[in-house]
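>
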Amino acid sequence: MLRWILGGREAQGTVEKSAALFIGEEQPKNCFTEMQVLKGHFDIVRFLVQIDDLRFASAGDDSQVLIWNVETGECLFALRGHTQQITAMTSYTFIRGRNAHTALITASSDRTLSLWDPDSGHRVQNISDLQSSVKCLLVLDRLDVWLSGGNELCVWNREFELQCKTVHHSDAGISAMVELPKNFIAAAMDKEIVIFKLNLSGSDIAVMAMRHLADHQDTIHSLININGDLFASGSHIGELIVWDSVDWTIQAYEHILWEEPAGDSQSEVKLTHQKQIERSIQHMSSDGEYIVAAVGSGLYVYNVLMKSVVAYRKIAHDSNVLHTMLQEDGRLMSCSEDGSVRMWELQDLPLPAEPASSGFFGMFGTFGRSSKQTGPPAKKIPEVPSLRSLELIGDLIGHSGAVQMFLSFKEKGLVTCSTDHLLIVWKDGELQSQLRSLAVFRKLEENQEL
Amino acid sequence: MIGSPDVVAFTKEDDFGDSFSDPCSLPEEFSVPLFAHTASANPWTKTSYAKFPKDFILISEFSEQVGPQPLLTIPNDPKVCGTFDLNYFSLRIMSVDYQASFVGHPPGSNYPKLNFVEDSKVVLGDSKEGAFAYVHHLTLYDLEARGFVRPFCMAYISADERKIMHQFQEMSAEFSKASEFLKSGNRRAFANELEKKLKDLEYTRSVLHKETELQKMNNGCYSTQAIEKANELANVEKSIYEHKDLLRQITSYPSRKKKDVDFVHREAEKPTDMSVMDDTLNLNHSDTGDKAVETESDSRKSTYTPQLIKAKSAKCFDKRLKTMEELCDTSFFHQTLEQLNIIEKSFRGDLCFIYTSQIDRALLSKQRVTSFLFEAERDQECEGTSKSFNISSNNPTVPILNLSGEPMSLESYTTCIDVDHIKPSVESMEGPPESSTSDITQETSEAADTETKGSFSSDKSIEAFGSVSPSSLHVNFFDGLERRSKVSIASPSENASRSIAIPPRTSDGNLVPMDAACCIGQDGFIFDEPLPELAQECCGDTVVNQEPQSLLQGDPALQVDYILEDSESPNMGLTFSDLNATVLSEEVAKINIEDVSDSTSFMSASTSSDRAVSPFTYGSALTLKQKKKAGHSALRFIRQYPFAQQAIFCLLSGRTLVILGVDEGTVRKLVNALFIFVPNLGKYGETVQPWLSSPFQLTDLQRWKLIGLQRAVSPAGSSILHSLNRYSRYISILDCDNKTLRCPPYKGTLISHLADHRTQIKRGSTYFLHVQGMLSQLTAKAFLYTFCHHIHLPMDVNDQGSVRSRRTNFLLQLGYTVEESKIVQYLSELIKQHYIQGAPKGVNPSFCFNYTTSYLYKI
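Chains as they are written, first to last, in UniProt numbering: chain Z, 1 to 450; chain B, 1 to 859.
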C-alpha cells in the first residue's frame, strides 16, 4: 500500500496499466499553472454558457443558474426560480435600443422555460406548464426567434410568445438541433434526423417537417454544424455521417470500429462488451475543416475536406469522453468521466511520405500495446501521409468527479464543470502573475506611493 | 527579529572587530547599543542591591487617617517585593505628591469646586533601597473624604534606573490608561453617591420643614427651637445647593477624555461595559445631561430609600474610608487591575530586551507590505506598549530613530528630564479659567519642582551612575539614542499637546479633538522648549542631567569610537555566515541558563522542550513563544532528516506538504517543527492543519500549506490514499513512518544555509532567530522583485514575452537558482495578492502550482 502511494511513477504505472497513457508530472507545454475553485452549486454542474468576454453562466442539477466573473472568480448572481434540474441553457443576444443585450434562456425538468437578465439577476420571462420538458434550445439570431426541442418543437419570439409548434412526436423527442441555411432546421430524434422548415409569412411563423433522414442504425447522440455547407451527426454505435446542409445528402459515412484483436485472452473478450458501448459518439466539435469526435473513451479526428481520418486515440481517457474542443492552434482538448481534462496536439509523424509498412505500425507503439497489435482498419486510412498522431501534452487534474463540460476564455482561462459540484477556472499562471503585477503598480499609482 | 537581545548580549567587539568586516553591513539605525562589556561582566548579573527580585507595581494612598500606606502590589504576591519596605517607599512616593489639588471653597467662590487635575508623573529614585520608580499620582473623589479628594499613586518600581528613564513615555501612556479607568469609574461612583446624598438631604429637608412648621404652630416663630430648626433647615438647603453644584460639576466633566482612542477601544472589548460608558457619555453632554440624570435617579428611586441625615458630616476619624474598589465601579477597578497587569508584563525583563522589541515592532510596523509573510503576530499583551511607536509610524516622514551620530544637544536632553517638572494642567471645564485656579497651579508647580528635585538630589547613590566609567559610556550613548528617538517620535504632536494645555474654548466647552495628543497626554509638555533659565537650573540641580552630555560633547574622539563599534557589532549577530553562526552558537551554549534573568527565562524553557505541545489550538493566536519553541523542533528535524532541505523548499515555494503517519504525536511533532517555514502562516496558523483524519479536498490544498494526515487502515484511510494519489502533482508527501519524502528536487545554497544539518546552533530560540533572519532576507528580495518596476511592465503592447525573460534574468542576477526563483516568485505572488486585496469576499483565492517531477527521498 505504501509503495503504491509513495512509489511515485512505477506505482502509477501499475494503476494506469490498462489505461490509455500517463503523461507524468513534467508538462512544459501545459500553461495552466493556476487554478481557482468556484463553489456555489450543490449538485452536478452540467452546462456552461459564455455571456461575454468576462462572464459565464453555469447550471446543473441543483436547479440554479450561477453567473460568474471569470477573472475574479466572483459569483455575480444566483438565478433561482426553477424547481428541478436544468436540462438546457443557451445565451440569447438581441438588440434593445442601440445596445446588444445578452440574456439567458434556461429549460428545466419542471417543464418551465425562463429568460434571465444576467445584468440584474432577474427572471424576465417565464413559461410554465409545458407539455414536456425541453431538452435542447436553439436561437436563430437571423429571425430573432428561438426554438425549444422536447417531445415537440416549439418556436418562440423574443417576448416569449409561442409562435407555432409541431405535433407530438415520439417518446424520444428532440435531443439536438442545428440551424441549416434557408430557414431549415435539422433535429435529431432517436435514430432519425428530421428536417424542419420555418415558413415566414409576415409576422406568422409556421413549422413543418420536410424530410426524415433515417440512415443511422442507432440513437443519434451528437449533431453539429461543420460549416455553411455541411453538418454532421454521430450515433451510439460509432456511425459518423457528414451531410450536405442544402440537399441533405450523405457526403461521408464513417463507421468507427475499435476492433479487438482476434485471439486474445478471456478477459479481453469480456472487455469487448464494454467496447460496444465505448464506440458511442458522445460529443463532436468542429472548426469547419476538422471534426473531433468523442468516441467512447477515445478521440477521433476527421478531416471533412479530405474525407479521411487524420488522427485518433483509441483510449484517450480512462473513461468516456464527454466534451471536446478544437483550438485554433491545432490543439484539442477533451474532458472525461475520469475527472480529467487532457490537452492534445496533432503532430506530424516523422515518416510523412512513406507508404504504409510495418514501420508505420511501429509508430503506434506509443499508443499502447493493444493498439499496436490491431491498428486501424486499412480502409479508414487510405492515404498514409495524412495520418497524424495525437500527442498528449498536458492534463488538468482537480475535479473528483466526471468533468461534464469546459468553456474556454482563451488567454483568460478555461472553465470546467463537474459532477463534484465544483467549477474550476484554470489559468496561465505566468500571465496572471504579470496581470497582478500590473494591478499592483496601478494601485501604487492610485495611492501615490510610487 | 533584527535586533534580538540574546544576540546582542554576546557580541563583543574584541572577538569580531578585526576579523570581520562586511561591506554590506546593516544600516546604523537598526543597530542595538552594546552592552557595556567588561572583563567579568555577565550582562544579567544584578549590579544593584535592590531588596526585591523583580519589578513590580505598587499602589499607595495618602490616607487622611493614617498617612501614606501601600494598598496593593502587582503581581499580587508578597514575594515580589522581598524585604523591600513598602511602607517606607509609600511614604517616599506620596511625599512628592505636590498636587494639593484644591477642592473646597476657593477664595472668591462660595461653593466647593471640583478641580479636574491632570495626573502627575514623576521619576523618583531611592539610593538606600536601590529602587527607582515611575510614580503616577492621581486623585479620586470621595464625598466623605476631606476636601472630597483621596490622593492615590501608582508606581512602577524597578531596580534599573535606566529602564524607568527610557521607558518613561511608554509607562506614562500606559499608566494614564489605567488611571483613566480608575477616574471614570470614580466619577460615576461619585455621581451616584452625590445623588444618594441629595436624596437624603431633600428628604431631611422635607422632614425638617414639617417640623419647623410644627414648631412655628406650637411655639411661635421666634422660639429657640424654631430658630434652631430654621437654622438647621438653612444648613440643609445650603448643603443641597452645594451638592447639586458638585453633581453638576462632576457630570459635566469634559468629554475630551472619552475620545481617547485606546480608552474607547478597551471599552469596546467589554460589551457589558458599553452601556455604562454610554451612561457616562450621556451625562457629559450638557444638553442631555440633566435629563439623563433625572431618568437615572428615577430608576434608582425604587432601589434607594432616603434616610434622615444630619447636616454636619461626621468627624473624619470616626468613619471607615471607602476602599479603592468602592471608590470606583467594580468593573472599572478590575479593568484597571487588568491594565496594570499588562503593564507589568510588558515592562518585565531587561531594558535591552524591551528596547530591542520596541525597535522590532517599530520596524515591523513599517513593513506592512511584507510582514504578513513570516513575522510573528504580536502577542496581545505587547500591543499596548507598541502604541507609542505606532503613532510615529503613521507619519513616515519622521524617522523613528534619528541616529545622526552627532552629539545630542543639551536642550534635547533637558527637555526630557523636564518630565519631572510637569505642571498640572488646568482643565478649563466651565467658563474661562479663573484667575484663582491658575494661581494655585502656579504655586503647586513650583512646589512640585522643589519636591522632585529634592528627591533626586537627596540620593547619594546618584553618584554611582553619575561617575564616568568606560562602561557607563555605552550606556550613555544608549541613553542618547533612546532620547533622541523619542523626541523625534513625538515632535509631530508637539503642537497638539500644547493646545491641550491651554484649550481653546469653543462653545459648549468642546475641545479641539486630538487623537494623537490624547495618547500622549500630558507628556506633550516634555517637548516644549524649556525656558533657558529652567534648563540651566536643571543642569545645576539634577545630577542625572550632567554627566553624559558633557562627556560626549567634550571628547569627540570617544564618540567616534562608539559609532564605529556600533556599526560593526550588529553584523556579527545578524549576518549568519557559517563562521559566525558557529562561534555565536558556542557562545550561546556556554551560557548558563540560570544566570539569565527573567527576560530570557522563557527561552530557556525551549531547551528542555521535548514535549511538543502543539501550538495549534482552536481559535488561539500563535505566539512568538510557540514559534521559538518550534525552533527547537525544527532544529531536531533538520538534524534527523537529510531531506529536510527539500521539505523546507516545498513549504517556501508554496507546495503543500503532507505529513503522513500513523501516530498522531509524531505527525504533530513534525508539523510543529516545520510550521515556522510556512509563509503567510496567519495569526492563528490558518494555513496549517496539524492533524487530519479525513480525505482532503482540492480546496484544502489551497487553504493549507502544511497538513498532518492520518494513515489508517479503514475505508476512510483508503480514500485518503486515493486523494493523495490523485493530487500527487500538487503536494509533497513526507511519510514519517517510513521516513521518506516525495517531492520535487531542490538545487541551491539558500536552504542549505537555512537548514544545515551540521549547524552548530544548539538552542531552539537561537535557531528560530537564525531562520527569521534568513527569511527576512528572502522577504526583502521578494519585495524587491515584486516592486521592481521595469521587470514587470511590458515595454510596449506586444511585449509579453520579454517580461518573462526579464523576470527570469532578474532572479538569476540576484543569484537564485531555478528552484530558489520559485520561492521568490511564490512569495512575490503572496505579496501582490496581499497588497491588492482585490479578491471579493467569498471567493477562493487562486492556487498556483508547477508541473515538475517528484522524486522519492529516503533517509
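For each residue, glycine too, the CB sits at the ideal point set by N, CA and C.
Just so you know, these numbers come straight off a predicted model, no measurement behind them.
What residue ranges within the region 72 to 107 of chain Z form continuous beta strand (DSSP E) runs of no fewer than 3 residues, ordered along the chain?
75 to 79 and 86 to 96
> With 7 Å set as the bound, which would you pick, yes or no: does the beta-carbon of Val440 (chain Z) sit closer than that to a beta-carbon of chain B?
yes
> When you check each C-beta in the region 334 to 351 of chain B against every C-beta of chain Z, which residues fall closer than 7 Å?
none
> Opposite Pro70 (chain B) in the DSSP bridges: which residues?
Bridge partners of Pro70 (chain B): B:Ser60.
> Starting from Tyr835 (chain B), find everything on chain Z with Cβ-Cβ shorter than 8 Å and list it in chain order.
Val440 and Lys443
> Report the residues of the region 23 to 43 of chain Z with a CB closer than 8 Å to any CB of chain B, ordered along the chain.
Gly24, Glu25, Glu26, Gln27, Pro28, Asn30, Thr33, Glu34, Met35, Gln36, Val37, Leu38 and Lys39
> Using C-beta distances below 6 Å, list every residue in its chain close to Arg162 (chain B), excluding the 5 sequence neighbours before and after it, in chain order.
Within the same chain, Leu351 come within 6 Å of Arg162 (chain B) by CB-CB distance, once the 5 residues on both sides are set aside.
> Rank Z:Arg436, Z:Arg123, Z:Phe47 and Z:Val45 by C-alpha distance to the C-alpha of Leu79 (chain Z) and give the top, closest one.
Z:Arg123
> Quick check on this structure: which residue in B:Phe643, B:Asp737, B:Ser179 and B:Phe353 has the alpha carbon closest to the alpha carbon of Leu140 (chain B)?
Checking every option, the nearest Cα to that of Leu140 (chain B) belongs to B:Ser179.
> Give a yes or no on whether the minimum CB-CB distance between His792 (chain B) and chain Z is below 7 Å.
yes
> By the three-class DSSP mapping on this structure, what secondary structure does Arg248 (chain B) have?
helix
> Whole angstroms is fine: what's the gap from Phe643 (chain B)'s alpha carbon to Leu706 (chain B)'s?
16 Å
> Taking the CB atoms as reference points, tell me whether Val415 (chain Z) and Leu48 (chain Z) lie closer together than 7 Å.
Going by C-beta atoms, Val415 (chain Z) is nearer than 7 Å to Leu48 (chain Z).
> Alpha carbon to alpha carbon, how far is His236 (chain Z) from Lys275 (chain Z)? Give it in angstroms, no decimals.
Legend: pLDDT at Lys275 (chain Z) = 47, less than 50; position of this residue unreliable, no value from coordinates given.
> Anything in the UniProt repeat "WD" (38 to 78) of chain Z with a Cβ closer than 8 Å to a Cβ of chain B? List those residues in chain order, please.
Leu38, Lys39, Thr72, Gly73, Glu74 and Cys75
> Report yes or no: do the region 214 to 221 of chain B and the region 176 to 192 of chain B share at least 3 C-beta pairs separated by less than 8 Å?
Judged by Cβ distances under 8 Å, the region 214 to 221 of chain B makes no contact with the region 176 to 192 of chain B, as fewer than three pairs qualify.
> Helix, strand or coil for Ile193 (chain Z)? Go by DSSP, reduced to three states.
strand
> Return the CA-CA distance between Ser752 (chain B) and Leu652 (chain B), expressed in angstroms with no decimal places.
13 Å
> Within 10 Å of its beta-carbon, does Asn219 (chain B) have 16 or more other beta-carbons around it, so buried, or fewer, so exposed?
exposed
> Look at the alpha carbon of Glu161 (chain Z) and the alpha carbon of Val207 (chain Z), and state the distance between them as a whole number of angstroms.
15 Å
> Considering only DSSP beta bridges, list what Leu692 (chain B) is partnered with.
B:Leu709
> How big is the Cα-Cα spacing for Asp360 (chain B) and Thr370 (chain B)?
14 Å
> Just to confirm, is the Cβ distance from residue 451 (chain Z) to Trp426 (chain Z) under 7 Å?
For residue 451 (chain Z) there is no data in the structure shown, the boundaries of chain Z being 1 and 450.
> Leu208 (chain B) to Gln249 (chain B), Cα distance in whole Å?
27 Å
> Compare the C-alpha of Ala673 (chain B) against each of B:Ala755, B:Arg726 and B:Gln697 and name the closest.
Ranking B:Ala755, B:Arg726 and B:Gln697 by Cα distance to Ala673 (chain B) puts B:Ala755 first.
> Quick one: any contact between the region 145 to 154 of chain B and the region 50 to 64 of chain B, if contact means 3 or more CB pairs under 8 Å?
Here the region 145 to 154 of chain B lies against the region 50 to 64 of chain B, with 3 or more beta-carbon pairs under 8 Å apart.
> In chain order, what residues of the region 414 to 437 of chain Z put their CB closer than 9 Å to some CB of chain B?
Asp420, Leu422, Ile424, Val425, Lys427, Gly429, Glu430, Leu431, Gln432, Ser433, Gln434, Arg436 and Ser437
> Are there 16 or more other CB atoms within 10 angstroms of the CB of Gln702 (chain B), so buried, or fewer, so exposed?
buried
> Within 10 Å of its beta-carbon, does Ser223 (chain B) have 16 or more other beta-carbons around it, so buried, or fewer, so exposed?
Answer is exposed; the Cβ neighbour count stays below 16.
> Using three-state DSSP, classify His122 (chain Z) as helix, strand or coil.
strand
> Going by beta carbon distance, what residues of the same chain come within less than 6 Å of Arg313 (chain Z), once the five residues before and after it are set aside?
Gly298, Leu299 and Leu390
> If you run the structure through DSSP and keep just helix, strand and coil, what is Met774 (chain B)?
helix
> Just to make sure I have the definition right: I need the residues of chain Z whose C-beta is within less than 9 Å of the C-beta of Lys739 (chain B). Which are they?
Those do not exist, as Lys739 (chain B) stays about 11 Å from chain Z at its closest Cβ, beyond 9 Å.
> Hey, is Ser694 (chain B)'s beta-carbon within less than 7 Å of any beta-carbon in chain Z?
no
> Considering only C-alpha positions, which residue in the set B:Lys629, B:Gln646 and B:Asp55 is nearest to Cys743 (chain B)?
B:Gln646
> Anyone know if the C-beta pair for Thr817 (chain B) and Leu373 (chain B) falls short of 7 Å?
no
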